[in-house]
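Residue numbers (the working numbering): 2 to 57.
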């Protein structure tokens with residue numbers, strides 16, 4: 002159980018860092034900033050790659 006909580010904490014921290022690093026890209030999300038940040042927190046790099054394709 003402790004390893005599971007640790008893994009979740011690490012994932013949350015990594016996705017939080019992604020939100021900070023890619024905030025300009027996320028702000029250009031066609032569905033809005035809040036949705037973009039939420040999707041980045043849930044899916045991370047997968048959503049950011051998709052977002053780059055949508056914007057370019």
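Yeah, the Cβ is synthetic: ideal placement off N, Cα and C, and Gly gets one too.
N- and C-terminal bounds of the alpha helix (DSSP H) containing residue i
i	result
residue 42	34-44
residue 23	Counting along the chain, residue 23 falls outside any alpha helix (DSSP H), and DSSP gives it neither H nor E.
Local conformation of residue i per DSSP, three classes
i	result
residue 48	helix
Residue closest to residue i, alpha-carbon to alpha-carbon, out of the options
i	options	result
residue 42	9, 16, 55	16
residue 54	38, 31, 36	31
residue 45	56, 23, 29, 3	23
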